[in-house]
Amino acid sequence: MNKRIAQLAVIGFSSLALISCGSFSAKDGSDQSAVVEDKGIYAGGIDVSEPAISPLDDPSSLLSKRTIYFDLDQSNIKPEYREIIDAHTRYLSDNPSMRVELIGHCDERGTPEYNLALGERRAKAVSQSMRVLGVPYNQLKTNSYGEEQPAALGHNEAAWARNRRVEILYPNR
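Every position in the sequence shown, counted from 1, becomes a number in our numbering once 53 is added.
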């Protein structure tokens, strides 16, 4: 008996769905088919049909800036990069599951050994700056590629300046 009632209910709902999807004619004989336009899903005034942009990818955020540049043979952080480092420090403090890899780079001048060590000093300088501001060790990793992965090819001051850097990478995002 219950099976029969369930079958009738399914048939009834199916018929109702088919009828409501159909069209009807107005008194003037014109077809009045319903058209539904998908404008996205809204929940509590928030459009959830488009994904929220990560602050790491928002071009208006300091977090989208992930390169710290250095002077020749230097590992001290220039004052103009403090605000970027502070922004990444706040982000890491607010997101304890996030990890960051700080990769030091150099220009082609100097021996490979010297450049690896200088790249490491640069990465550690950024790491230490973040540590002082409260980021725990387990969120920070440093590495150096020395002169091996240049950002700019060329043998001039403009190319060398772009290659003297630390990149801030978020591998687990």
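Beta carbons: idealized from backbone N, C-alpha and C, even for Gly.
Within the segment 115-167, the complete beta strand (DSSP E) segments of 3 residues or longer fall at 120-122, 153-158, listed in chain order. With distances taken between CA atoms, residue 193 lies nearest to 151 out of 120, 151, 170, 169. Rounded to the nearest angstrom, the Cβ distance from residue 210 to residue 156 is 22 Å, too far for a contact under 8 Å. In the three-state reduction of the DSSP assignment, residue 216 falls in the helix class. With a contact defined as Cβ atoms closer than 8 Å, residue 130 and residue 178 qualify at about 6 Å. About 7 Å separates the CB atoms of residue 186 and residue 139; that is less than 8 Å, so the two are in contact. At least 8 Å separates the beta-carbon of residue 160 from that of residue 133.
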